[in-house]
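Residue numbers (the working numbering), protein chains in the order written: chain A, 323 to 740; chain B, 323 to 740. Just so it is clear, CB atoms sit at the ideal spot from N, CA and C, and this is done for glycine as well. Treat the numbers as computed from the prediction; the structure is a model and nothing was measured. Down below is the structure, laid out as structure tokens.
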């Protein structure tokens, strides 16, 4: 699902307000990485036809689909693996052949950060994983973590754009982050980086990680501090003169499509936000509070009502069960809705078709789910406490399975009150 | 603020669809308990004039206001104390003098559960507090806890109605619970109780509390099990034939008043819910997500926008600071809104004028609060982690202090985007 139409008329390609005359370029390449990269690549194949010279994209295991001219490689996600490194090396090799008269379409979507990586010499996959693990558990915020990650990579922080130069580069980005902050999506391989080796080092010092770093990482960063390693690309870099970035889809657009569909089915609709955040089980209580108000008072929306929210919640794990943020959210909503007799449906799904480490995209609840749980003597609260929403929803008919969808624009939540 | 108008024309009193001809009654009493009881009593004085025979109400320390005919007594809340027991004894003494031709207005509002209590002989205040503490920390839900509490009381579970009989009883209730569930407000002293001594005992067994109970409590409940103590009042009890219950105000009506005021100021308004629940700092993230969508996209509400929510959030304490659920919520919202430059205001307040164990009703945030915190080098996240919203807001100008307001209909949250 590419949400912003890419149009082609003769040799002119139009996306939003921008256009390219294919006639002006010698070779046209397609590269990319991310959960949705294969679908994006196939769409670009359809649009470019035989003007497409060659391409390669990296997707998460299980997310490949057949393409004609673009090679699709599967690799590890969320943990980078050897396949990911090898595929990235091939992509870098490929763009090296592109010259100043060539055009490279770079297709990025969520997950691209793990799927597109080149490590500096001397730093191993194990070193990187250790460092990442330390960063994730030290309390650093995402900007701080990214400043370190970008300085342990030879593609992040605009460095892919450097590899693509002198060819022209058009980035088509499917955003899976709130606010579409470009340097966060796939760690910004074609976007300028404001942080430096100095910034990265300060972060490591702030969280007292310097001493604990793998020796090779420490050594590399110290060399960077001494100016012996090229910096990530800064905003004034001339490379960016030939780089364009276009968001071709995000959560907001998915919500609008869902809204139009609900309207066509006769529902009154209201989008509350495309920036939802928070602990899934608590967000569920707020959502339930609004749905109950609709049921009882037709507020904030007249029945038949379809309430829409988008974003991405989080789960703080305390149990040992199976689930994902969307499944956990609907299970918590079920508990909050248990006293409601009249009909309703609440659904929460990852748009990529994956929710946590499960084969489900998310879950849905309605009064019969509660009845079914009572009949089967399933204690919803106990399942929730064990972060085991998957097994609860599996037994009550509340799982939603779509398989990989080919897009990745965070989560969509929907509440229907007939 | 009595939100449902009580009208008097000659000797006829009208509330909603009900009316009473004062001429038909000999003496008219006013009794009550709860944070708002004094304001309610004064309003009843104004309405009844010299038809008011006598009255007494119990309020929380600091919540008394002068009344002419109704005696206002202050007592402990949220912890019941000796003054509360003594005041209740006086109220019971008073209604004993009411006969079948008399009318008792019983004014109940939130807090009434601790302010209106008569203990069975042999059970001390310490026994009750110990039992309550065990109940609060065992994981029992509110219905389970109430079944025990009602069976350790001689006023809860409809027993006050029994004391008022044979007089007629009109309960005017200001609701501070979601869904206005009557048996929860002030533990339902004039409402039938579906639980029994058997129910209460099963709860104590379920949570393995029986052995740990104070000896006197154990003994009393065992006597109850053997039928040696009168049960709480059940729905079929003839006492209820002369009991009427009217909700004269709740969160929803407060929201409507706020909405009307915002409209008069030129804001577009939207009430999302009057049933808000959840962990304050997580609810804040959802609220911030909606406010950001208004700022950026005029969704779900066109600017100038006033978004309204009501209900009551909770705080899981982990720090040692000072604050309340409303103050904590706005502090968490400030963190979620820190990247927002344009103007907005988010406010959350307890309608009773009290937020947690503080002298503030709640708090508010807007961009200048963040600027002020930066200038004073205050780390908002650290204050939040220490549950110390009060001291953060105090230093940045975000506290709202109203003093006791005379009402108590949970919390009101409001977001303004000009």
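Same chain, Cβ closer than 7 angstroms to residue i, five either side skipped, listed in chain order
i	result
residue 499 (chain A)	506 and 507
residue 343 (chain B)	333 and 334
residue 391 (chain B)	367, 374, 376 and 377
residue 465 (chain A)	none
residue 539 (chain B)	445, 449, 453 and 474
residue 623 (chain B)	590, 592, 616 and 629
residue 518 (chain B)	553
Straight-line Cα distance separating residue j from residue i
i	j	result
residue 377 (chain A)	residue 393 (chain A)	6 angstroms
residue 421 (chain A)	residue 437 (chain A)	25 angstroms
residue 338 (chain A)	residue 582 (chain B)	42 angstroms
residue 459 (chain B)	residue 565 (chain A)	60 angstroms
residue 348 (chain A)	residue 424 (chain A)	5 angstroms
residue 408 (chain B)	residue 501 (chain A)	59 angstroms
residue 503 (chain A)	residue 558 (chain A)	19 angstroms
residue 356 (chain A)	residue 415 (chain A)	19 angstroms
residue 325 (chain A)	residue 411 (chain A)	For residue 325 (chain A), the pLDDT reaches just 49, beneath the cut-off of 50, and the residue's location in the model is therefore unreliable, although a value from the coordinates is still provided. Cα to Cα, the separation comes out at about 30 angstroms.
residue 426 (chain A)	residue 386 (chain A)	21 angstroms
residue 567 (chain B)	residue 674 (chain B)	22 angstroms
residue 720 (chain A)	residue 685 (chain A)	5 angstroms
residue 735 (chain B)	residue 716 (chain B)	19 angstroms
residue 618 (chain B)	residue 587 (chain A)	28 angstroms
residue 490 (chain A)	residue 611 (chain B)	37 angstroms
residue 599 (chain A)	residue 609 (chain B)	9 angstroms
residue 718 (chain A)	residue 694 (chain A)	6 angstroms
residue 542 (chain A)	residue 494 (chain A)	32 angstroms
residue 531 (chain A)	residue 455 (chain A)	11 angstroms
residue 687 (chain A)	residue 662 (chain A)	12 angstroms
residue 579 (chain A)	residue 345 (chain A)	34 angstroms
Residues of its chain near residue i, where Cβ-Cβ distance is below 6 angstroms and the 5 sequence neighbours each way are ignored
i	result
residue 323 (chain A)	Per-residue confidence for residue 323 (chain A) stands at a pLDDT of 38, beneath the threshold of 50, marking its modelled position as unreliable; the derived number appears in the next sentence. Hits under 6 angstroms: 729.
residue 737 (chain B)	613, 629 and 668
residue 705 (chain A)	714
residue 545 (chain B)	551
residue 711 (chain A)	645, 649, 650 and 653
residue 740 (chain A)	626 and 665
residue 329 (chain A)	336
residue 659 (chain A)	610
Contact belief for residue i with residue j at Cβ below 8 angstroms, rounded distance in angstroms
i	j	result
residue 477 (chain A)	residue 522 (chain A)	With a Cβ gap of about 16 angstroms, residue 477 (chain A) and residue 522 (chain A) do not count as contacting.
residue 604 (chain B)	residue 604 (chain A)	3 angstroms
residue 383 (chain B)	residue 398 (chain B)	7 angstroms
residue 654 (chain B)	residue 606 (chain B)	4 angstroms
residue 554 (chain A)	residue 601 (chain A)	Going by Cβ atoms, the distance from residue 554 (chain A) to residue 601 (chain A) rounds to 33 angstroms, so no, they are not a contact pair.
residue 514 (chain A)	residue 556 (chain A)	6 angstroms
residue 354 (chain B)	residue 363 (chain B)	6 angstroms
residue 573 (chain B)	residue 646 (chain B)	About 17 angstroms; that fails the 8 angstroms criterion.
residue 702 (chain B)	residue 639 (chain B)	So it is not a contact: roughly 18 angstroms between Cβ atoms.
As assigned by DSSP and simplified to three states, the class of residue i
i	result
residue 324 (chain A)	Because the pLDDT of residue 324 (chain A) is 43, which lies under 50, any placement of that residue in the model is unreliable, and the number read from its coordinates should be weighed accordingly. Note: residue 324 (chain A) maps to coil in three-state DSSP.
residue 702 (chain A)	helix
residue 452 (chain A)	helix
residue 378 (chain B)	strand
residue 351 (chain B)	strand
residue 462 (chain B)	coil
residue 723 (chain B)	coil
residue 636 (chain A)	strand
residue 371 (chain B)	helix
residue 329 (chain A)	strand
residue 571 (chain A)	strand
residue 601 (chain A)	strand
residue 388 (chain B)	coil
residue 664 (chain B)	coil
Interface flag, residue i vs chain C, CB-CB below 7 angstroms
i	result
residue 530 (chain B)	Going by chain labels, chain C is absent from the structure shown, which instead holds the protein chains A and B.
Beta-bridge partners of residue i, as assigned by DSSP
i	result
residue 490 (chain B)	B:425
residue 671 (chain B)	B:684 and B:734
residue 343 (chain B)	B:334
residue 631 (chain B)	B:595 and B:735
residue 566 (chain A)	A:492
residue 590 (chain B)	B:627
residue 393 (chain A)	A:378
residue 430 (chain B)	B:355 and B:495
Beta-carbon proximity list for residue i, same chain, < 8 angstroms, skipping 5 on both sides
i	result
residue 396 (chain B)	380, 381, 382, 383, 384, 385, 386 and 405
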